[in-house]
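Protein chains in written order, with this note's numbering: chain A, 69 to 185; chain B, 69 to 185; chain C, 69 to 185; chain D, 69 to 185.
Protein chains: 4
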Amino acid sequence: MKLDRVEDLKNRINEFCNERDWKKFHNPKDMAISIAIEAAELLEEFQWKDKREIEKKIKKEKHRIEEELADIYIYLLELSDMLAIDLIEAAKKKIEKNRLKYPVDKARGNAKKYTEL
Amino acid sequence: MKLDRVEDLKNRINEFCNERDWKKFHNPKDMAISIAIEAAELLEEFQWKDKREIEKKIKKEKHRIEEELADIYIYLLELSDMLAIDLIEAAKKKIEKNRLKYPVDKARGNAKKYTEL
Amino acid sequence: MKLDRVEDLKNRINEFCNERDWKKFHNPKDMAISIAIEAAELLEEFQWKDKREIEKKIKKEKHRIEEELADIYIYLLELSDMLAIDLIEAAKKKIEKNRLKYPVDKARGNAKKYTEL
Amino acid sequence: MKLDRVEDLKNRINEFCNERDWKKFHNPKDMAISIAIEAAELLEEFQWKDKREIEKKIKKEKHRIEEELADIYIYLLELSDMLAIDLIEAAKKKIEKNRLKYPVDKARGNAKKYTEL
């Protein structure tokens, strides 16, 4: 039977960390710090750039953005695993919650936060 | 045929955004900003807390952490989709790259950055 | 003799924290986390907004931006104080370093990082 | 008459930016992004480190932390200047507001957010 793609990825992350004996450093607070650091590195790719320059960057250096997204995702999967959270289920639940927080008739076409709707 | 779980989630996110006509706000720079904001909200769950207090929080308020992880994941999927990046493939590639950056014999058991190895 | 304005501010921050017995929570790592959280809150003020909308926001809700800047500055002063760092001297030194990193003839009129100059 | 230390610093920052013709890139949104990126770099200094290791780092590599604090402060001053905000006055106001948000009798000795007091 073919392994689920996410499960396969999780196995690879696990193997990578175990080989380096890095699990001992992993704790929720530092994992959250890591996600924030990687998110800032992603942001750096777009810093000082307008729409046109970003389109150019995406054409020429998509691999850089790709790597930053990958870094965030890897930490996200590791932290979820550590806390026995199923990221996909969590996301589905959050979308259902957002459906109530942002009703179509009020949220349609505007980017206001739910507290300002 | 059963739809892949990630594909199913992406469909739900798409539907949610389309119903609200939110796609027009979505651009890579603001999506990256959103990921950074959500990452900070995750961090806030652990702020001022030591190891013992974090364990307590995970027991009592895991749903809060779960929601923050979900928020980051949703934006991550949206941004990847917008840029035609396969997050799982990108993560696999990054792990292979990290294998070279952090060779087992040098990285084993220490948390130094590759530039300091 | 009139007290230096920054010194006066530091005294007020100190008094505020001492009255609440909050110094015991203060440690460099959590202070750095706090700065990152406040920086994300500042970012949230500009999220999804284009140039024109930001100008409007600055006119109508400058006090919100002002408060976020204040929060970052307060934590910055506290952390500097804790580490016996003179923020003004540190900034002066950094500008001198940046003068060498970004020589006028190479950096003039472009926003590239020094590693790409 | 001796120039105020903060004013002197602001003049130096101004001169530095003007020499490089960098003012044209400066807009509130990208300045806020810059602060978030620098805050993450500060965070990186403490990532994966426990209390003892951080004390060691502060002894041995305080200049690294000093530089990150300086970077945040420089962007903070630039953004404040651009918006005609007096950072010291803003911080004083915010402390007064926090006095009401966190009354001594309720906030004393606990690190809870005001929404949970």
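We put the CB at the ideal spot given by N, CA and C, even for glycine.
Query, Result
"Local conformation of H131(D) per DSSP, three classes", "helix"
"Beta-carbon separation (whole angstroms), K162(D) vs D139(C), contact threshold 8 Å", "6 Å"
"Contiguous alpha helix (DSSP H) assignments of at least 4 residues, all confined to the segment 86 to 119 of chain C", "96 to 112"
"For E184(A), the first and last residue of its enclosing alpha helix (DSSP H)", "Where E184(A) is concerned, there is no enclosing alpha helix (DSSP H), given that its DSSP letter is neither H nor E."
"Cα-Cα separation, C112(B) to D173(A)", "This sequence places Glu at residue 112(B); Cys is not what is there. Between E112(B) and D173(A), the C-alpha separation is close to 32 Å."
"A152(A) Cβ short of 7 Å to the ligand ATP heavy atom set", "Questions concerning the ligand ATP fall outside what the structure shown contains, since it holds no ligand whatsoever."
"Inter-residue spacing [alpha-carbon to alpha-carbon] between I175(C) and L147(D)", "The question names Ile, but residue 175(C) is Ala in the sequence shown. Cα to Cα, A175(C) sits roughly 21 Å from L147(D)."
"Assigned secondary structure, I140(B) (DSSP; H/G/I helix, E/B strand, else coil)", "helix"
"Short Cβ contact (8 Å threshold) for A137(A) with I153(B)", "Sequence inspection shows Leu at residue 137(A); the Ala mentioned does not correspond to that position. For L137(A) and I153(B), yes; Cβs fall inside 8 Å."
"Chain C within 8 Å of W116(A), Cβ atoms only", "yes"
"is_contact[K130(C), chain D] using C-beta, thresh 8 Å", "yes"
"N-terminal and C-terminal residue of the alpha helix (DSSP H) that L71(B) is part of", "Where L71(B) is concerned, there is no enclosing alpha helix (DSSP H), given that its DSSP letter is neither H nor E."
"For D154(A), the first and last residue of its enclosing alpha helix (DSSP H)", "No alpha helix (DSSP H) holds D154(A); DSSP gives it neither H nor E."
"Proximity of A179(D) and F93(C) at Cβ, strictly below 8 Å", "yes"
"CB contact flag (A158(A), E109(B), <8 Å)", "no"
"Closest residue to E83(D) among R73(C), K181(C), Y182(C), E164(C) (Cα-Cα distance)", "E164(C)"
"Backbone secondary structure at N178(A) - three-state DSSP", "coil"
"Rounded Cβ spacing between Y141(D) and R88(C) (contact assumed at less than 8 Å)", "So it is not a contact: roughly 25 Å between Cβ atoms."
"Buried or exposed by the 16-neighbour rule on C-beta atoms within 10 Å, applied to D98(D)", "buried"
"Where A108(A) meets chain D, residues with beta-carbon distance less than 7 Å", "A104, I105, A108"
"Distance between beta carbons of K78(C) and L145(C), contact taken as under 8 Å", "6 Å"
"CB-CB length for E103(D) against A100(C), believed under 8 Å", "Reading the sequence as shown, one finds Ile at residue 103(D) and not Glu. Contact doesn't hold; Cβ gap of about 13 Å is too wide."
"Best match in Y143(A), L151(A), E75(A), K130(A) for proximity to D149(B) [C-alpha to C-alpha]", "K130(A)"
"Own chain, CB closer than 7 Å to I81(C), minus 5 neighbours either side, in chain order", "I142, L145, E146"
"Residues of its chain near K117(D), where Cβ-Cβ distance is below 8 Å and the 5 sequence neighbours each way are ignored", "K125"
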